[in-house]
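**Q** In terms of the UniProt record's numbering, the sequence shown is residues 1 to 308.
Glycine included, C-beta positions come from ideal geometry on N, C-alpha and C.
What you are looking at is a predicted structure, and each value in this text was computed from that prediction instead of being measured.
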Amino acid sequence: MIDEIQQQQALASLRTPRDCLRWGESCLRRGKVFLGHGTDDHGDEALALLLHVLALPHDTDPRMLDARLLPHEVEAFVTLMTRRVNERVPTPYLTGQAWFCGLPFQVDERVLIPRSPIAELIEAGFQPWLDPEQPLRALDLCTGGGCIAIAMAMAMEHAEVDASDISADALAVCQANIDHYGLGDRVRAVLSDGFDGLRGRYDLIVSNPPYVDAADLAAMPEEFHHEPELALGSGVDGLDFTRRILARAADYLNDDGVLIVEVGNSDQHVMATWPEVPFLWLEFERGGHGVFLLTRQQLIDHREHFAG
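#1: Using the C-alpha atoms, what's the distance from LEU232 back to PRO90?
#2: Which same chain residues end up closer than 7 Å to VAL78 when comparing Cβ atoms and leaving out the 5 residues on each side of it in sequence?
#3: Can the beta-carbon of ASP237 be found less than 8 Å from the beta-carbon of HIS269?
#4: At what residue ranges does the region 119-185 contain a whole run of the alpha helix (DSSP H), taking only runs of 4 or more?
#5: To the nearest angstrom, report how far apart LEU112 and ARG68 are at their CA atoms.
#6: In whole angstroms, what separates the C-alpha of HIS58 from that of LEU49?
#7: Can you give me the Cβ contacts of ALA176 inside the same chain, cut-off strictly under 6 Å, excluding the 5 residues immediately before and after it?
#8: For the beta strand (DSSP E) that ASN254 lies in, which residues bound it at each end?
#9: From the DSSP output, read off the bridge partner residues of TRP281.
#10: Going by the CB atoms, is the gap between ILE118 and ASN254 shorter than 8 Å?
#11: ILE5: buried (16+ other C-beta within 10 angstroms of its C-beta) or exposed?
#12: Please report how far the alpha carbon of ILE230 lies from the alpha carbon of TRP281, in whole angstroms.
#13: Give the straight-line distance between the Cα atoms of ASP213 and TRP99, rounded to the nearest whole angstrom.
#14: Would you identify the three-state DSSP class for PHE241, choosing helix, strand or coil?
#15: Is LEU21 buried or exposed, if buried means 16 or more other CB atoms sit within 10 Å of its CB?
#16: Pair every Cβ in the region 126-134 with every Cβ in the region 165-184, then say whether three or more of these pairs are closer than 8 Å.
#17: Does the beta-carbon of ILE300 have 16 or more other beta-carbons within 10 angstroms, so that it is buried, or is it exposed?
#18: Do the CB positions of ALA189 and ILE205 come within less than 8 Å of each other?
#19: On the DSSP bridge list, what partners appear for VAL187?
#20: Can you tell me the Cα-Cα spacing of ASP108 and THR295, whole angstroms?
#21: So is PRO92 buried or exposed if we call it buried at 16+ other beta carbons inside 10 Å?
#22: Once DSSP output is grouped into helix, strand and coil, what is the label at GLY233?
#23: Could you check whether the Cβ of ARG201 sits closer than 7 Å to any heavy atom belonging to the ligand FMN?
#24: Roughly how many angstroms lie between the CA atoms of GLU157 and GLY38, to the nearest whole one?
#25: Just how far apart, CA to CA, sit THR82 and GLY125?
#26: Restricting to runs no shorter than 3 residues, where is the beta strand (DSSP E) found entirely within the region 50-120?
#27: Just the Cα atoms here: how many angstroms apart are ALA250 and ARG244?
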């Protein structure tokens, strides 16, 4: 905890960005905050908050470290750092911005903070399963703030993408991000409970659905409790929504279409529940796991396992 006395001491003594970063990193370490919503380093976490306060880019000239800060800038940084430590609010919610696929996105507590390894697949254009140079129709199911959908459209200029979610609040954030990137002609925010509000077929369905099982949900660090629970938990084994996807996805895919779903730590439940299904578990150079791929034909071949 950063108590009132420590806040007053900081306000009286911090003068430069270097001072703030040193103080901020110490606070984060002493406070034992959870990292994982954009950074994995205490120094980077403090830097993200400070650059937000100063309205400076990530590639700011290092000579700025010894510049003299204005009192209101120090006060704003101390206030954010206090909330980060005492309330365990993830940094992207404090700054209103998160990065995904090298792109900044608006985020707030209506949506999850993007952190999916699916970013690597997007950057590769989903090759070898798709040709990113060809026109295609894609679906980002459970889109949240629209990060996956927008990144797909940015990476594949001939793609048209539906970004669907059951949460109207999340879709408001998604639409703001679509508008920011000027993609209203190729990315469409759709209110839908699973596939219920969708029409037509897709060449690609990507989903980062709620997949946290009950045990993991109960044990999550406090930072995760600022995120919408609707987008995290999915029953005892974390597969309630994944079951719905597997049962119906074939009906929404073109003949050569593919389904890609992230299930994280619930991958063990997937393999135990459907041992006869040939899930292709994808690997990632930058870390991450629990993402599988199935073709439409595989979904049809194993439809009886997904029914009921």
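**A** Inspection of the coordinates gives the following:
#1: Within the sequence shown, numbered from 1, the residue matching residue 90 stands at position 90. Within the sequence shown, numbered from 1, the residue matching residue 232 stands at position 232. Using only the alpha carbons, I get a separation of about 15 Å.
#2: The residue labelled residue 78 in the question sits at position 78 within the sequence shown. Closer than 7 Å at Cβ, skipping near neighbours: GLN7, ALA10 and LEU11.
#3: Looking up residue 237 in the sequence shown gives position 237. Looking up residue 269 in the sequence shown gives position 269. Closer than 8 Å, so yes.
#4: The qualifying runs are 147-155 and 168-180.
#5: Residue mapping note: residue 112 aligns to position 112 of the sequence shown, counting from 1. Residue mapping note: residue 68 aligns to position 68 of the sequence shown, counting from 1. Those two C-alpha atoms are separated by around 36 Å.
#6: Walking along the sequence shown from the start, residue 58 turns up at place 58. Walking along the sequence shown from the start, residue 49 turns up at place 49. If I take the Cα positions, the gap works out to 11 Å.
#7: In the sequence shown, counting from the first residue as 1, residue 176 sits at position 176. The beta carbon of ALA176 lies closer than 6 Å to those of GLN106 in the same chain, with the five residues before and after it left out.
#8: For the purposes of this step, residue 254 is taken as the residue at position 254 of the sequence shown. 253-262 is the extent of the beta strand (DSSP E) around ASN254.
#9: In the sequence shown, residue 281 corresponds to position 281, counting from 1. According to the DSSP secondary-structure assignment, TRP281 is paired through a beta bridge with PHE292.
#10: Walking along the sequence shown from the start, residue 254 turns up at place 254. Walking along the sequence shown from the start, residue 118 turns up at place 118. The Cβ-Cβ distance between ASN254 and ILE118 does not fall below 8 Å.
#11: In the sequence shown, residue 5 corresponds to position 5, counting from 1. With fewer than 16 Cβ atoms within 10 Å of its Cβ, ILE5 is classed as exposed.
#12: Counting from one through the sequence shown, the residue named residue 230 turns up at place 230. Counting from one through the sequence shown, the residue named residue 281 turns up at place 281. Strictly speaking, residue 230 in this sequence is Leu, with Ile absent from that position. The straight-line gap from Cα to Cα measures roughly 25 Å.
#13: Here the question's residue 213 lines up with position 213 in the sequence shown. Here the question's residue 99 lines up with position 99 in the sequence shown. Each residue's Cα considered, the two are about 26 Å apart.
#14: Taking the sequence shown and counting its residues from 1, one reaches residue 241 at position 241. Helix at PHE241.
#15: Stepping through the sequence shown from its first residue, residue 21 is reached at position 21. Its Cβ being crowded by 16 or more others within 10 Å, LEU21 is buried.
#16: no
#17: Residue numbering aside, residue 300 sits at position 300 when the sequence shown is read from its first letter. So ILE300 counts as exposed.
#18: Taking the sequence shown and counting its residues from 1, the one referred to as residue 189 is at position 189. Taking the sequence shown and counting its residues from 1, the one referred to as residue 205 is at position 205. No, the Cβ-Cβ distance between ALA189 and ILE205 is not below 8 Å.
#19: Indexing the sequence shown from 1 puts residue 187 at position 187. Answer is VAL161.
#20: The residue given as residue 108 occupies position 108 in the sequence shown. The residue given as residue 295 occupies position 295 in the sequence shown. One C-alpha to the other measures close to 34 Å.
#21: Translated into positions along the sequence shown, residue 92 becomes position 92. Buried is the call here.
#22: For this step, residue 233 is matched to residue 233 along the sequence shown. Three-state DSSP puts GLY233 in a strand.
#23: For the ligand FMN, the structure offers nothing, since it holds no ligand at all.
#24: As a working mapping, residue 157 is identified with position 157 in the sequence shown. As a working mapping, residue 38 is identified with position 38 in the sequence shown. C-alpha separation (whole angstroms): 26 Å.
#25: Stepping through the sequence shown from its first residue, residue 82 is reached at position 82. Stepping through the sequence shown from its first residue, residue 125 is reached at position 125. THR82 and GLY125: Cα-Cα distance of roughly 41 Å.
#26: 97-100 and 103-106
#27: Numbered from its first residue, the sequence shown carries residue 250 at position 250. Numbered from its first residue, the sequence shown carries residue 244 at position 244. Rounded to the nearest angstrom, the two C-alpha atoms are 11 Å apart.
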